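J.:
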Amino acid sequence: MDVIKVKDVWKKYKIYHDKGSTLKERILFKNRNRYEERWALKGIDLDIKKGETVGLIGENGSGKSTLLKLLTKIIYPNKGEIEIKGKVSSLLELGAGFHPDMTGRENIYMNASIFGLTKEEIDKKLDDIISFSGLEDFIDNPVRTYSSGMYMRLAFSVAINVDADILLIDEVLAVGDTSFQKKCIEKMVELKNKGVTIVFVSHDNNMVKRLCDKAIWLKNGNIASQGIVKDVINNYLDHLNTKSNIKCTEDSKNEINSTNNQVISEREVSIEKEEVKDIKPANKNKRWGNKYVEILQVDMFDKDNKSKHIFISGETVRISIKYKVNKKVDDVVFGIGIFRDDEVCCYGTNTFIDNYKIDKLTGRIDVEIDNLNLITGKYYLDVAVHDKFGLPYDYIKKILSFNVETRTEEIGVVRLAHKWHIL
Amino acid sequence: MIENIKEIYRYREMLKNLVKKDLRTRYKGSFLGFLWTFVNPLLQLIVYTIIFSTVMRINIDKFYMFLFVGLLPWIFFSTSVQVSAGTIIANKDLVKKIYFPREILPLSVVTSGLVNLLFGFIIIFISLIISKIGITVSLVYLPIVIIVEYIITLAFSFLVSALNVYFRDLEHILGIVMMAWFYFTPIIFPIRMIPKEYLKYFFLNPMTPIIVSYKDILYYGRSPDFLMLGISMLIGLLIIIFSYNVFKILQKNFAEEI
Ligand SMILES: Nc1ncnc2c1ncn2[C@@H]1O[C@H](COP(=O)(O)OP(=O)(O)OP(=O)(O)O)[C@@H](O)[C@H]1O
Ligand SMILES: [Mg+2]
Numbered sequence: 001m002d003v004i005k006v007k008d009v010w011k012k013y014k015i016y017h018d019k020g021s022t023l024k025e026r027i028l029f030k031n032r033n034r035y036e037e038r039w040a041l042k043g044i045d046l047d048i049k050k051g052e053t054v055g056l057i058g059e060n061g062s063g064k065s066t067l068l069k070l071l072t073k074i075i076y077p078n079k080g081e082i083e084i085k086g087k088v089s090s091l092l093e094l095g096a097g098f099h100p101d102m103t104g105r106e107n108i109y110m111n112a113s114i115f116g117l118t119k120e121e122i123d124k125k126l127d128d129i130i131s132f133s134g135l136e137d138f139i140d141n142p143v144r145t146y147s148s149g150m151y152m153r154l155a156f157s158v159a160i161n162v163d164a165d166i167l168l169i170d171e172v173l174a175v176g177d178t179s180f181q182k183k184c185i186e187k188m189v190e191l192k193n194k195g196v197t198i199v200f201v202s203h204d205n206n207m208v209k210r211l212c213d214k215a216i217w218l219k220n221g222n223i224a225s226q227g228i229v230k231d232v233i234n235n236y237l238d239h240l241n242t243k244s245n246i247k248c249t250e251d252s253k254n255e256i257n258s259t260n261n262q263v264i265s266e267r268e269v270s271i272e273k274e275e276v277k278d279i280k281p282a283n284k285n286k287r288w289g290n291k292y293v294e295i296l297q298v299d300m301f302d303k304d305n306k307s308k309h310i311f312i313s314g315e316t317v318r319i320s321i322k323y324k325v326n327k328k329v330d331d332v333v334f335g336i337g338i339f340r341d342d343e344v345c346c347y348g349t350n351t352f353i354d355n356y357k358i359d360k361l362t363g364r365i366d367v368e369i370d371n372l373n374l375i376t377g378k379y380y381l382d383v384a385v386h387d388k389f390g391l392p393y394d395y396i397k398k399i400l401s402f403n404v405e406t407r408t409e410e411i412g413v414v415r416l417a418h419k420w421h422i423l
Numbered sequence: 424m425i426e427n428i429k430e431i432y433r434y435r436e437m438l439k440n441l442v443k444k445d446l447r448t449r450y451k452g453s454f455l456g457f458l459w460t461f462v463n464p465l466l467q468l469i470v471y472t473i474i475f476s477t478v479m480r481i482n483i484d485k486f487y488m489f490l491f492v493g494l495l496p497w498i499f500f501s502t503s504v505q506v507s508a509g510t511i512i513a514n515k516d517l518v519k520k521i522y523f524p525r526e527i528l529p530l531s532v533v534t535s536g537l538v539n540l541l542f543g544f545i546i547i548f549i550s551l552i553i554s555k556i557g558i559t560v561s562l563v564y565l566p567i568v569i570i571v572e573y574i575i576t577l578a579f580s581f582l583v584s585a586l587n588v589y590f591r592d593l594e595h596i597l598g599i600v601m602m603a604w605f606y607f608t609p610i611i612f613p614i615r616m617i618p619k620e621y622l623k624y625f626f627l628n629p630m631t632p633i634i635v636s637y638k639d640i641l642y643y644g645r646s647p648d649f650l651m652l653g654i655s656m657l658i659g660l661l662i663i664i665f666s667y668n669v670f671k672i673l674q675k676n677f678a679e680e681i
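From first to last, the protein sequence lines stand for chains A and B. For the record, in the first sequence the residue sitting at position 155 is 155 according to my numbering, with numbers rising by one throughout. For the record, in the second sequence the residue sitting at position 1 is 424 according to my numbering, with numbers rising by one throughout.
(1) Grouping DSSP H, G and I as helix and E and B as strand, with all else coil, what is A/Lys124?
(2) Under 7 Å between C-beta atoms, does A/Ala96 make it to chain B?
(3) Taking 7 Å as the CB-CB limit, is B/Lys675 close to chain A?
(4) With respect to 6 Å, is the separation between the Cβ of A/Thr66 and the closest non-hydrogen atom of ligand 1 below this value?
(5) Using a C-beta to C-beta distance shorter than 7 Å, which residues of chain B count as neighbours of A/Ile75?
(6) When you check each C-beta in the stretch 318–345 of chain A against every C-beta of chain B, which residues fall closer than 7 Å?
(7) Would the beta-carbon of B/Leu678 fall within 7 Å of that of B/Leu593?
(8) Could you name the residues of the same chain whose beta carbon sits closer than 8 Å to that of B/Ile617, not counting the 5 residues immediately before and after it, in chain order?
(9) Report yes if the C-beta of A/Ser62 is less than 6 Å from at least one heavy atom of ligand 1; otherwise report no.
(10) Could you work out which residues of chain A lie near B/Met424, taking near to mean beta carbons separated by less than 8 Å?
(11) So that I know if they touch, is there some Cβ in chain B lying closer than 7 Å to that of A/Ile264?
(12) Where does A/Gly335 sit, in a helix, a strand or coil, going by DSSP?
(13) Would you list, in chain order, the members of the stretch 428–456 of chain B that have their beta-carbon closer than 9 Å to a beta-carbon of chain E?
(14) Considering just the uninterrupted stretch of the alpha helix (DSSP H) at B/Val506, what are its terminal residues?
(15) Check whether the stretch 559–579 of chain B touches the stretch 643–655 of chain B, counting contact only when three or more Cβ pairs, one atom from each stretch, lie closer than 8 Å.
(16) According to DSSP, is B/Ile611 helix, strand or coil?
(17) Let me know the alpha helix (DSSP H) ranges lying completely inside the stretch 289–342 of chain A, each 4 residues or longer, listed in chain order.
(18) A/Ala155 by DSSP, collapsed to three states: which one?
(19) Once the 5 residues before and after A/Arg144 are set aside, which same chain residues still bring their CB inside 7 Å of it?
(20) Shorter than 6 Å, the distance from the beta carbon of A/Ala417 to the closest heavy atom of ligand 1, or not?
(21) So the alpha helix (DSSP H) B/Asn463 belongs to, where does it begin and stop?
(22) Quick one: does A/Arg38 have its CB under 7 Å from some CB of chain B?
(23) Give every residue of the same chain whose Cβ lies closer than 6 Å to the Cβ of A/Ile451, excluding the five residues on either side of it in the sequence, and list them in chain order.
(24) What is the DSSP secondary structure of B/Lys443, reduced to helix, strand or coil?
(25) Tell me where the alpha helix (DSSP H) around B/Pro529 begins and ends.
(26) Can you look up A/Ala174 in the DSSP assignment and give me helix, strand or coil?
(27) Under the three-state reduction of DSSP, which class applies to B/Phe625: helix, strand or coil?
(28) How about A/Gly63: is its C-beta nearer than 7 Å to some C-beta of chain B?
(29) Under 8 Å by Cβ, that's how I've got B/Gly659 and B/Ile575 pegged, so tell me the actual separation to the nearest angstrom.
(30) May I ask whether a heavy atom of ligand 1 can be found less than 6 Å away from the beta carbon of A/Ala112?
(31) With a threshold of 7 Å between beta carbons, is B/Lys555 in contact with chain A?
(32) Rounded to a whole number of angstroms, what is the C-alpha to C-alpha distance between B/Met662 and B/Phe581?
(33) Assuming A/Asn403 and A/His309 make a contact with CB atoms under 8 Å, what is their CB distance in whole Å?
(34) How about A/Arg38: is its Cβ closer than 6 Å to a heavy atom in ligand 1?
(35) So the alpha helix (DSSP H) A/Val3 belongs to, where does it begin and stop?
(36) Quick check on A/Ala164: does DSSP put it in helix, strand or coil?
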């Protein structure tokens, strides 16, 4: 049975530039009320069955909160229909209807009554609400003395205890500490098992995966994908990746331009030496060296020779360095270093360490990494060319940034190949 | 409509809490606070009494009582309507963030005004006894008049509370309207002083039959004109249906307009 039916719903907001809300202004300066229209939702179709838990995901401004507000009837669609069966409880914004000068207990009564509970119903639930919130010691203090997390605990405890058939939650959980979040998730599972329909917005994909039977990805006011949670989230991640891939490429273009323009001070040359991993990031100059050999371009390719800046952990990556020789040199060592965005060096090596002989300088050298088994995160690539004592011809820090995605939830720096055994 | 009334009934606890909160801030929990709310009507009463029994010299026995029994119900009407005008904006936090039937807000304003009026009647009764006008059996009709007034007040409150979201100066315009309305309602003067040819215009004013009935029951100690009261009730119901529907339409954009 469908408890929520949304049929071709459109919603626009008016953005006034110079809004007049008085009779005088509305009559005298009619043309002054010019506004722009912004369509926040463009034809949404949804059916949610009784007892389903649905995760709403999408980028900022994609219309998630708007959809929830429409479902609770805080706002109404410009076009289309919304049909809801059953009692709705919602937690869209924190502390709505809380009076700072009233105590926690008084606010529970006030707030629960705003959700449509009667005195007797609240009396019955009061203990549950207080114990769920974990605020026993503070319950008779005025709410203005609460921290924002405590505020949220109280608000959440009321909203979740009102015995609704449908529960709508915007991303408010994030404020709670880990133990309260855990409690909320347990409670949501409990409600779910009782047959409550839950729709919630989250930017925490793992939580969506854990809780939801169904996910909906909103993109610019449209449903981009809905259905099986894992698929929807992967589609969403793919989209984010391609998007930031474009951005990364632009970023690194800018970076190489700016480094090329930098003046190299000869003094730096003597200070900086040794291998990639010893470079301290504090130095604000990003490029050093006498440019006897000059790096021209660095690219990263996947196994299909496609230039990329987003890789799935375990992928094959080829780093290509193009350079030119400005002055004849005796020996040349090429090196790379991969840093996490918190400056942890994940790996660094060079042709000297690897005992790879450079017998001719062709203007290009590639290094292939068979298995880029880093963990999800943003990384920077340093590239250097120096002599065998480490004196740099050209050293460029953070010449490229790239992202690595894993679709599992491991932690750490690298993924160590492993197997589990039951013995 | 039936659905709506059911829903409002479901939210009765919220209504109760809002009324309680309003009364509590008004009375500050003390008897003195309670008396304090009558300072304003009392001052008005004194001023009008001085002007109209010494300067203008309306020839009415115990003029202050004649005025008093009409003044308090009038104040209930006019303040309720004026406060209602701002109530949606005053509660914009709620309106923007939580669903509840929005009509609860003006309803709570008018209802707490009503509670205040009921306390006022206690003072009126005491004054009637002290001033030796006394109270009569016609008092049994008082609840009917109160109900009719409540309906009419509610009707106007729904209307202005919704309109004020779109036209924010309505609240201020209302101040002037209410002053004029006060003088076009037979509160300070008895209805018999109105020239015959203008009388019908006075009865276009829905507050006229209400005030006249209060005076009949309380000051003259006689039964009100039931035909007049019946018509008044009917008109009250008609305008409340109209204004409630206007409210229901306008409330859809409340969250976006405030
Ligand atoms: N009150 C408003 N007035 C004008 N535009 C609005 C208003 N509320 C939202 N919008 C616009 O509607 C679009 C959708 O906003 P919405 O709040 O639904 O996004 P969201 O998906 O909840 O984003 P987030 O992840 O940041 O919470 C945005 O483009 C936003 O600018
Ligand atoms: Mg949002």
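We treat Cβ as the ideally placed atom computed from N, Cα and C, and that holds for glycine. None of the values given here were measured: they were computed from a predicted structure.
T.: By the coordinates alone:
(1) In this structure, A/Lys124 counts as helix in the three-state DSSP scheme.
(2) For A/Ala96, the closest Cβ of chain B is nearer than 7 Å.
(3) It does; some Cβ of chain A falls within 7 Å.
(4) Within the cutoff, so yes.
(5) Ordered by position in chain B, the residues that pass the 7 Å Cβ test against A/Ile75 are Ala678 and Glu679.
(6) Answer set for the stretch 318–345 of chain A: empty.
(7) In the sequence as displayed, the identity of residue 678 of chain B is Ala instead of Leu. Cβ atoms of B/Ala678 and B/Leu593: not closer than 7 Å.
(8) Answer for B/Ile617: Pro609 and Phe625, listed in chain order.
(9) Yes, the beta carbon of A/Ser62 sits closer than 6 Å to at least one heavy atom of ligand 1.
(10) Simply none; closest approach about 17 Å.
(11) Caution applies to A/Ile264, whose pLDDT of 39 falls short of 50 and renders its modelled position unreliable; the model cannot decide the point.
(12) Strand, per DSSP.
(13) Protein chains in the displayed structure are A and B, and chain E is not among them.
(14) For B/Val506, the uninterrupted alpha helix (DSSP H) segment begins and ends at Phe486 to Ala513.
(15) Result yes; three or more Cβ-Cβ pairs closer than 8 Å.
(16) Reduced to three states, the DSSP call for B/Ile611 is coil.
(17) DSSP runs (the alpha helix (DSSP H)) wholly in the stretch 289–342 of chain A: none.
(18) Correct three-state label for A/Ala155: helix.
(19) The answer, listed in chain order, is Pro100 and Asp101.
(20) For A/Ala417, the CB stays at least 6 Å from every heavy atom of ligand 1.
(21) First-last of the alpha helix (DSSP H) with B/Asn463: Val462 to Ile473.
(22) So, not an interface residue.
(23) Residue 451 of chain A lies beyond the range of chain A shown here (1 to 423); nothing can be said about it.
(24) Here B/Lys443 sits in helix by DSSP.
(25) Run containing B/Pro529: Ile527 to Ile553, per the alpha helix (DSSP H) assignment.
(26) Here A/Ala174 sits in helix by DSSP.
(27) Here B/Phe625 sits in helix by DSSP.
(28) Not closer than 7 Å to any Cβ of chain B, the Cβ of A/Gly63 fails to qualify, so no.
(29) Their Cβ separation, rounded to whole angstroms, is 5 Å, which keeps B/Gly659 and B/Ile575 in contact under 8 Å.
(30) Answer for A/Ala112: no, Cβ out of range of ligand 1.
(31) Between B/Lys555 and chain A, the shortest Cβ-Cβ separation is not below 7 Å.
(32) Position check: residue 662 of chain B holds Ile in this sequence, whereas Met was assumed. So the alpha carbons of these two residues sit roughly 10 Å apart.
(33) Contact flag correct, Cβ pair sits at about 7 Å.
(34) A/Arg38 Cβ: within cutoff of ligand 1.
(35) Looking at the DSSP string, A/Val3 is not in any alpha helix (DSSP H); the run it does join, the beta strand (DSSP E), is Asp2 to Tyr16.
(36) Taken through DSSP and simplified to helix, strand or coil, A/Ala164 comes out as coil.
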